[in-house]
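Trainee: Okay, handing you the structure first.
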Amino acid sequence: MRTLEWVATEAAQAQAVEWAVAVFAHNEAASLSRCLEAVARAGQGQAIDVTAVLNGSTDASPDVAMAAMRRLGLRGRIALIPQADKSNALNQYIHRLRVPAPLHAFVDGYAAITPDSLRLLAQALRDAPEALAAAAVPSTGRSAALLRQQMQECPGLHGSLFMLRGSFVERMAAQDLRLPLNFYRGDGLLSSLVLHDLDAHSGDWQPQRIVVEPRATWEGPALRPWRWSDLRRYWRRRLQQARGQLQWPALRQVIYDPARAGFAAMPPEADAMTLSWLAEAPSERSPGWRRNPFGAMALRRMRQTPPLPPEEQLLPRVLMEFTP
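Numbering-wise (UniProt numbering), the sequence shown opens with residue 1 and increments by one.
This is the structure:
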């Protein structure tokens, strides 16, 4: 088994990477091959390095990823994390798995990015030297048009596809900034980190730090209501969205409190923080079953959240390294 130290040494000796691409997947065996094929097409003509971060996957994702990486001749690695948590997966990529690169692209494992999407995001950052991140926009789904409009009016990142400058990623790592475990709206939190340039107190909120590229997009699997697996996926998404709606104001109270250290004060876990915030004013903040049933279900799940897992459940293990 190759170690992370071996990976870092090998990466340092290899050809300089232009675009580092992180693909995040939890039980996405059905979509992962298509996702990696799309990444390979989008990276043609560039020196790209791909890290597939499989978090908590219990399906055939490792085998699918290995077969696709070999077939496509992609340089990179497959990393396994026992804990199913995208915020933790993002942390592990930034702090342990990243390779040095001027640009880092982040892709969800269910998304098939368009062939020119990475080039468009990279060009957007070249054209906007003050920007720290470039955001792609959704093109499929019932709310895609509204989301596109909102992102262009109020710049933010969508978790399915975005790009960060390598210098920003390096500063995040140097400051030991980590997203709280179990935090649902990781893309929203990353947007805040970018827009504040990592300083929640004296770093002004500057919309120009995120450039939105409306031509960069992706396709995702269409949900079919007659399929049980899609109904379950939709139900989980609604619950997670409700969870995020409770977590976000609790986190804002922490990071914008002038008596605390801004983003450095983020707690290691989001649900305990949220429960404490709700307990400060339960009648005003707690969702009721009649008016907000998904919020009430999300709150019940929060109260059942187990303690923080042991560290070995959060750390990545490199399954295989690939060289072209």
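The C-beta atom is built at its ideal place from N, Cα and C for all residues, glycine as well.
Taking C-beta to C-beta, are H95 and G166 nearer than 9 Å?
Mentor: Cβ distance not < 9 Å, so H95 and G166 don't count as in contact.
Trainee: What are the uninterrupted segments assigned as beta strand (DSSP E) that are 3 or more residues long and contained completely in the segment 102 to 168, given in chain order?
Mentor: Whole beta strand (DSSP E) segments, 3+ residues: 103 to 108, 133 to 135 and 161 to 165.
Trainee: For chain C, find out if any of its Cβ atoms is closer than 9 Å to the Cβ of Q123; answer yes or no.
Mentor: This model lacks chain C altogether, as it is built from one protein chain only.
Trainee: With 16 other CB atoms within 10 Å as the buried threshold, where does C35 fall?
Mentor: Buried, since its Cβ has 16 or more Cβ neighbours within 10 Å.
Trainee: Alpha carbons only, please: which of D271, P180 and I210 is nearest the one belonging to residue 325?
Mentor: Within the shown structure, residues of the chain are numbered from 1 to 324, placing residue 325 beyond reach of any answer.
Trainee: For I78 and M69, which I take to be in contact (beta-carbon distance under 8 Å), what is that distance rounded to the nearest angstrom?
Mentor: The pair is a contact, with the Cβ atoms about 7 Å apart (cut-off 8 Å).
Trainee: Which whole runs of the alpha helix (DSSP H) in the segment 255 to 288 are 4 residues long or more, in chain order?
Mentor: Segments of the alpha helix (DSSP H) lying fully in the segment 255 to 288: 270 to 280 and 282 to 285.
Trainee: Within this structure, are the beta carbons of P316 and L97 separated by less than 9 Å?
Mentor: Yes, these two residues count as a Cβ contact at 9 Å.
Trainee: Out of curiosity, what's the CA-to-CA distance linking residue 325 and Q253?
Mentor: The structure shown does not extend to residue 325, since the chain is modelled only from 1 to 324, so the question has no answer here.
Trainee: On the DSSP letters alone, give me the boundaries of the beta strand (DSSP E) that A79 sits inside.
Mentor: It spans G76 to I81 - the beta strand (DSSP E) in which A79 sits, taken as one unbroken run.
Trainee: What's the call for A16, buried or exposed, on a 16-neighbour Cβ count within 10 Å?
Mentor: Answer is exposed; the Cβ neighbour count stays below 16.
Trainee: Near G262, what residues of its chain come up, given a Cβ to Cβ distance below 7 Å and the 5 sequence neighbours on each side ignored?
Mentor: The answer, listed in chain order, is D199, A200, H201 and I255.
Trainee: Count the other CB atoms within 10 Å of the CB of S229; is the residue buried (16 or more) or exposed (fewer)?
Mentor: Flag for S229 reads exposed.
Trainee: Figure out for me which residue from G220, D257, Q313 and L246 has the closest Cα to the Cα of R142.
Mentor: Cα-wise, what sits closest to R142 is G220.
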